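So the sequence lines, in the order shown, correspond to chains A and B. So our numbering is basically just the index in the first sequence, starting at one, shifted up by 837. So our numbering is basically just the index in the second sequence, starting at one, shifted up by 284. The C-beta atom is built at its ideal place from N, Cα and C for all residues, glycine as well. Model, not experiment: these values are computed from the prediction.
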Amino acid sequence: NAGVMQNPRHLVRRRGQEARLRCSPMKGHSHVYWYRQLPEEGLKFMVYLQKENIIDESGMPKERFSAEFPKEGPSILRIQQVVRGDSAAYFCASSPTGMGTEAFFGQGTRLTVV
Amino acid sequence: GQQVMQIPQYQHVQEGEDFTTYCNSSTTLSNIQWYKQRPGGHPVFLIQLVKSGEVKKQKRLTFQFGEAKKNSSLHITATQTTDVGTYFCAELSSNTGKLIFGQGTTLQVKP
C-alpha cells in the first residue's frame, strides 16, 4: 500500500504563473488535508476535503488559492498568479475517516517563486 | 476556534539529557495527537491520546493527557541524536474533523 504521494517534490514558478500541486491519498482514504509550512515554522492548516466536497477552507486565502478532491484522481491545490510570499513547503495528509484517526503525510511539495 | 499552544519553541540538550514539550489549550480538547518531523522531512504520526489523564509510553517517549483535557506533554528520557527534529501536537476536532497543529518544538541534541 503506497503512502501519500505528492508531486512534484520541487516546483519553481515565476511570479504571476500558476502552481498546481497534486496529492494522491493512501488507498482507501477519503479525507485530505493541505498544510503550508514556512522555513522554521509550524504547519498552517489550509483546507480539509472529502471526496468531491470541501469541508473546511478557513485556512486558505480567499483569492488565488483553490483546492479540489474529485471523485477520480488526486487532490489538487491550485495557486494562481503566484507571488514570492507563496514560497513554502505544502504538505498533504490523508486519513481514512477523518474522525479519531491518524493522518498520513506526503513528502511535500517545495514551491519556490522567483 | 481550535488553538493549541506549544512550548518551548526550541530546546537544545546534551545527549543523554531529558526533554519535555508541552501543549496547552484554553478549551477542552477532543483528543491530542503527536507528530515528529525530521529536518527536511514530513510529519510522522507518533500517538493519539483520547482519555482524561491518559499516559502512553513508546520506549523512551512518554505521552500524557491532562485530567482536564486541556494540556498534554511529551517527555523523552535520555535523548539520542536520532531524536532530533520538530515535535508537534495536534487536535483532531471530533465535531469538524479538522486537524490543527501547535507551533511545534524543535529539539537539537548535542552529541
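Cutoff 7 Å: residue i Cβ touching any chain A Cβ
{"i": "Pro395/B", "result": "no"}
{"i": "Gln295/B", "result": "no"}
{"i": "Gly388/B", "result": "yes"}
Amino acids of chain A, ordered along the chain, whose beta-carbon sits closer than 8 Å to that of residue i
{"i": "Phe372/B", "result": "Gly879, Leu880"}
CB of residue i within 7 Å of CB of residue j, strictly
{"i": "Ser912/A", "j": "Lys888/A", "result": "no"}
{"i": "Tyr870/A", "j": "Leu383/B", "result": "yes"}
{"i": "Gln290/B", "j": "Gln387/B", "result": "yes"}
{"i": "Val950/A", "j": "Arg850/A", "result": "yes"}
{"i": "Ile316/B", "j": "Ser356/B", "result": "yes"}
{"i": "Ser344/B", "j": "Ile331/B", "result": "Checking the sequence shown, residue 344/B turns out to be Arg, not Ser. For Arg344/B and Ile331/B, no; Cβs fall outside 7 Å."}
{"i": "Arg873/A", "j": "Ala925/A", "result": "yes"}
{"i": "Glu894/A", "j": "Val884/A", "result": "yes"}
{"i": "Gln295/B", "j": "Leu391/B", "result": "yes"}
Partner residues on chain B for residue i, Cβ-Cβ distance less than 8 Å
{"i": "Phe928/A", "result": "His326, Pro327"}
{"i": "His868/A", "result": "Gly381"}
Any chain B beta carbon closer than 7 Å to residue i
{"i": "Phe942/A", "result": "yes"}
{"i": "Glu939/A", "result": "yes"}
{"i": "Gly945/A", "result": "yes"}
Neighbouring residues, chain B, relative to residue i (Cβ below 9 Å)
{"i": "Ile892/A", "result": "Thr380, Gly381, Lys382"}
{"i": "Gly922/A", "result": "Within chain B, no residue comes near Gly922/A; the closest Cβ sits about 19 Å away, beyond 9 Å."}
Rounded Cβ spacing between residue i and residue j (contact assumed at less than 8 Å)
{"i": "Phe941/A", "j": "Met863/A", "result": "6 Å"}
Cross-chain neighbours of residue i in chain A, by beta carbon under 9 Å
{"i": "Phe385/B", "result": "Tyr872, Gly879, Leu880, Lys881, Phe882"}
{"i": "Val298/B", "result": "The sequence given here places Gln at residue 298/B; Val does not occur at that position. Per Cβ cutoff of 9 Å: no residues; Gln298/B is ~22 Å from chain A at best."}
Taking 8 Å as the threshold, find out whether the stretch 324 to 333 of chain B comes into contact with the stretch 298 to 308 of chain B through three or more Cβ pairs. These segments do not touch.
Inter-stretch contact at 8 Å, needing at least 3 Cβ pairs: the stretch 916 to 936 of chain A / the stretch 854 to 863 of chain A: Between the stretch 916 to 936 of chain A and the stretch 854 to 863 of chain A there are three or more C-beta pairs closer than 8 Å, enough to call the two in contact.
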